[in-house]
Amino acid sequence: MTQRYFIIQFFLLVVVTGFCHSAFAQQDTSKMNQQVEVVKAYRPSVSKAAKIDLLPEISDTTRFRPDLNYQTSSHPITYGFQSSVLKASNQFQREINYPGYGKISGGFGTNFTPFFDFFLSNPNSINGTFGVQMNHLSSQGKVKLKGGNEIDAPFSYNKAAIFGSYVLDGVTIASELSYQRDMNRFFGYPIAIPATIMTNTFVKYFDQNQLNQLGYFDLSVKSNASANGLMKFNTGIRLSYFNTSTNQVEKGISFKGDFIYDFGAFSGKLNTGFEHFETENVTSFSDFPLLFSPKNSWLRLSPTILFKRDLFSFEGGITLCSGFGDMSTKFGIYPNGIFTLNTAMKNLSLYAGVDGSLQNNNYSKIAAENRWINPTLEVNPTNYRYIFYGGVKGKIAAPLAFNLGIKYTQAEEQYFYVTKIEKIPGTVDPTLNDLSYNNAFDVVYDNINTLDFSGDLTYTTSDLFLLLSGHFYSYSLRNLESAPYLPDFTLSGSANFKVTDKIKASAELLFTGPRNIMLQYYYPPYLSSLPPPPIYLKTDAMIEANIGAKYQFMKNLEFMGSVENLLNRKDEPWYGYTVQGIRFKLGASFSF
Numbered sequence: 033m034t035q036r037y038f039i040i041q042f043f044l045l046v047v048v049t050g051f052c053h054s055a056f057a058q059q060d061t062s063k064m065n066q067q068v069e070v071v072k073a074y075r076p077s078v079s080k081a082a083k084i085d086l087l088p089e090i091s092d093t094t095r096f097r098p099d100l101n102y103q104t105s106s107h108p109i110t111y112g113f114q115s116s117v118l119k120a121s122n123q124f125q126r127e128i129n130y131p132g133y134g135k136i137s138g139g140f141g142t143n144f145t146p147f148f149d150f151f152l153s154n155p156n157s158i159n160g161t162f163g164v165q166m167n168h169l170s171s172q173g174k175v176k177l178k179g180g181n182e183i184d185a186p187f188s189y190n191k192a193a194i195f196g197s198y199v200l201d202g203v204t205i206a207s208e209l210s211y212q213r214d215m216n217r218f219f220g221y222p223i224a225i226p227a228t229i230m231t232n233t234f235v236k237y238f239d240q241n242q243l244n245q246l247g248y249f250d251l252s253v254k255s256n257a258s259a260n261g262l263m264k265f266n267t268g269i270r271l272s273y274f275n276t277s278t279n280q281v282e283k284g285i286s287f288k289g290d291f292i293y294d295f296g297a298f299s300g301k302l303n304t305g306f307e308h309f310e311t312e313n314v315t316s317f318s319d320f321p322l323l324f325s326p327k328n329s330w331l332r333l334s335p336t337i338l339f340k341r342d343l344f345s346f347e348g349g350i351t352l353c354s355g356f357g358d359m360s361t362k363f364g365i366y367p368n369g370i371f372t373l374n375t376a377m378k379n380l381s382l383y384a385g386v387d388g389s390l391q392n393n394n395y396s397k398i399a400a401e402n403r404w405i406n407p408t409l410e411v412n413p414t415n416y417r418y419i420f421y422g423g424v425k426g427k428i429a430a431p432l433a434f435n436l437g438i439k440y441t442q443a444e445e446q447y448f449y450v451t452k453i454e455k456i457p458g459t460v461d462p463t464l465n466d467l468s469y470n471n472a473f474d475v476v477y478d479n480i481n482t483l484d485f486s487g488d489l490t491y492t493t494s495d496l497f498l499l500l501s502g503h504f505y506s507y508s509l510r511n512l513e514s515a516p517y518l519p520d521f522t523l524s525g526s527a528n529f530k531v532t533d534k535i536k537a538s539a540e541l542l543f544t545g546p547r548n549i550m551l552q553y554y555y556p557p558y559l560s561s562l563p564p565p566p567i568y569l570k571t572d573a574m575i576e577a578n579i580g581a582k583y584q585f586m587k588n589l590e591f592m593g594s595v596e597n598l599l600n601r602k603d604e605p606w607y608g609y610t611v612q613g614i615r616f617k618l619g620a621s622f623s624f
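33 is the number of the first residue of the sequence shown in my numbering; add one for each residue after it.
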């Protein structure tokens with residue numbers, strides 16, 4: 033225990049040292065290049081830009097991301113329920129952090145963890161861009177499960193992409209061809225692994241590798257018009273193909289179009305989207321062995337009017353969503369509006385809005401969200417009837433900014449991940465050790481109301497970037513006793529700071545509150561009796577601490593090192609699945 037407290041104190045000292053260093057260090061005229069990616073705990077809600085999953089945002093084909101963050105140890109999964117994003121893509125915005133042509137990075141970490149990144153582009157081209165990106169991360173490490181077993185827990189993530197854009201008279205055309213290949217193993221089990229697990233048909237995928245492959249082609253066209261009275265547009269199409277090693281296939285085609293017409297004091301906006309998915313060898317009811325191949329289409333239209341002045345703006349309209357396919361047809365009309373009030377100095381803004389959406393939970397989205405889900409499962413769409421939100425954001429001083437918000441969400445047929453269980457034959461009143469566990473997750477559905485209080489604080493100087501963020505949640509469900517895997521709160525803090533002209537350091541602390549786990553009895557559909565009620569368990573809080581440093585050895589050569597899962601915790605992001613322990617990584621990058 034004393035050792036753990038020492039590590040925590042050391043971590044806090046690193047963050048505080050970076051904060052104090054910014055106050056006393058000599059100011060540099062060139063700011064640190066910062067790129068922050070915040071992965072929050074999953075929420076059964078959507079933001080203003082998170083609509084029905086009609087054409088995911090096309091990757092930014094002209095943005096140079098030389099510093100690729102491949103954090104591997106803590107939680108190589110997402111925490112579920114992250115709403116799909118549909119918004120105007122920014123792939124035409126030129127954002128180059130390094131004036132060279134490319135960067136190659138690589139290294140190795142404990143638990144047999146190699147990583148490699150390569151990026152090549154032509155950043156100085158006037159008429160267009162062209163580039164190549166390749167990424168690899170894998171691990172062959174072992175984990176010790178809560179039941180005491182030590183088992184192999186390998187995973188890998190790979191991506192290759194070719195992208196480009198070209199500026200014509202009045203329009204810019206951008207395109208990307210991408211291939212992703214990810215692998216994970218079904219290894220988790222919440223108690224001591226029984227000797228008969230490989231012959232237990234209820235635990236169907238134990239010790240089996242699951243391979244997911246996604247290929248897609250994006251093509252988008254954006255107008256370069258800037259004058260009033262001209263139609264501005266941003267349109268795109270995506271063709272996708274997704275398959276798994278368990279013989280699931282998803283074919284998709286998506287269209288998206290954003291149109292804006294300015295006339296006088298008002299602007300008319302139309303956001304449209306359409307997508308069609310054909311999925312093979314899935315079922316909506318995991319208790320039924322019969323698989324089918326559904327076809328589903330989704331349509332979204334959102335006309336709004338924008339009125340904007342120096343001190344305030346208002347955008348209002350409606351959103352029409354429709355989902356239709358082999359199983360059912362859904363239709364919804366949702367309000368869509370946001371009001372913003374700014375102070376005269378524009379250092380403080382008050383905002384309030386309302387939104388809603390019918391969200392398509394297509395197969396590839398769910399497979400990326402929970403890589404240990406039952407691979408034959410097709411998840412139903414979620415209806416976000418109302419999303420009310422509001423808050424205040426601004427700057428206290430030049431480097432200090434904040435955002436305090438509140439959001440209330442009403443969602444129908446929200447999905448929650450659960451673990452299916454069976455009684456071991458011969459047991460009457462079984463304990464947790466007298467059950468068989470299916471470590472491929474299923475889902476249950478319920479209506480849920482969520483109240484979310486949030487706060488973000490950032491401090492930015494030429495030598496320091498500090499981010500503090502927190503969410504506090506309250507849930508109300510119609511049928512379930514509690515909301516599986518939804519935490520009561522999440523807290524996070526991260527800091528990136530310049531120690532010297534050649535050394536940069538970073539630190540991160542993530543804290544996820546206790547969550548409820550639901551164990552649901554599996555009963556074949558031919559049984560007439562009702563199954564026993566589900567079992568609810570409470571998990572421990574999850575704490576993740578990471579530190580890292582970079583040393584600029586030469587102009588184009590940089591060495592880097594990191595310690596991930598600094599506290600060497602054995603948290604379970606998913607029931608039965610323990611994360612790998614502390615990891616040390618060393619590497620180098622060369623830019624050209």
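Backbone N, C-alpha and C fix where the C-beta goes; we use that ideal spot for every residue, glycine too. Every value quoted in this text rests on a predicted model; they were computed, and no experiment measured them.
The criterion of a C-beta distance shorter than 7 Å is not satisfied by Met166 and Ser188. Here Tyr555 carries a coil assignment [DSSP, helix/strand/coil]. Counting only the Cα atoms, Ala515 lies some 27 Å from Asn368. Inclusion of Gly355 and Leu390 in the CB contact set at 7 Å is warranted, their separation being smaller than that value. A distance below 6 Å between beta-carbons, with the five flanking residues on each side excluded, links Gln172 to the following residues of its chain, in chain order: Phe144, Pro186. Judged by DSSP secondary structure, Ser506 falls within the beta strand (DSSP E) whose first and last residues are 496-509. Here the alpha carbons of Trp404 and Glu444 stand approximately 24 Å from one another.
Distances from the alpha-carbon of Glu540 to those of Asp572, Phe497, Gly138 put Phe497 closest. The beta carbon of Val199 lies closer than 7 Å to those of Asn159, Gly160 in the same chain, with the five residues before and after it left out. Taking the CA atoms as reference points, Ser170 sits about 10 Å from Phe148.
A Cβ-Cβ separation of about 4 Å places Ser210 in contact with Ala193 under the 8 Å criterion. Under DSSP, Ala192 forms a beta bridge with Met166, Tyr211.
The region 368-387 makes contact with the region 422-436, as at least three CB pairs between them are under 8 Å. Around the beta-carbon of Leu512, 16 or more other beta-carbon atoms lie within 10 Å, marking it buried.
Ala400: member of the alpha helix (DSSP H) spanning 395-401, first to last residue. Runs of the beta strand (DSSP E) lying entirely within the region 448-484, each at least 3 residues long, are 467-469 in chain order. The three-state reading of DSSP puts Ile614 in coil, since its state is none of H, G, I, E or B. Under the criterion of beta carbons closer than 8 Å, Tyr221 and Leu152 do not qualify as touching, at roughly 43 Å.
With fewer than 16 other beta carbons inside 10 angstroms of its own, Glu182 counts as exposed. The distance from the Cβ of Phe238 to that of Asn471 is about 6 Å, consistent with a contact at the 8 Å cut-off. If you look at Arg601, you'll find it isn't in any beta strand (DSSP E); DSSP assigns it neither H nor E.
Residue pairing by DSSP puts Tyr568 in a beta bridge opposite Met550. Within the model, the alpha-carbon separation for Thr610 versus Ile453 is close to 19 Å.
Contact annotation, Leu518 with Tyr505: C-beta distance approximately 7 Å; criterion of less than 8 Å satisfied. For Thr231, the three-state secondary structure derived from DSSP is helix. At the C-beta level, Glu282 and Phe324 stay beyond 7 Å of one another. Here DSSP, grouped into helix, strand and coil, assigns Ala433 to strand.
Measuring C-alpha to C-alpha distances from Thr336 to each of Gly619, Ser345, Trp330 identifies Ser345 as the nearest. With at least 16 other beta carbons inside 10 angstroms of its own, Met574 counts as buried. Membership of Arg332 in the beta strand (DSSP E) is indicated by the continuous run 327-340. Counting along the chain, the unbroken beta strand (DSSP E) around Val281 starts and ends at 281-295. For Asn368, the three-state secondary structure derived from DSSP is strand. Closest in C-alpha terms to Ala399, from the list Thr204, Pro146, Gln245, comes Gln245.
Going by DSSP, Thr311 is part of the beta strand (DSSP E) stretching over 298-312. The residue from Val314, Ser334, Leu380 with its alpha-carbon nearest to that of Asp342 is Leu380.
DSSP places Asp387 in the strand class (E or B) of the three-state scheme.
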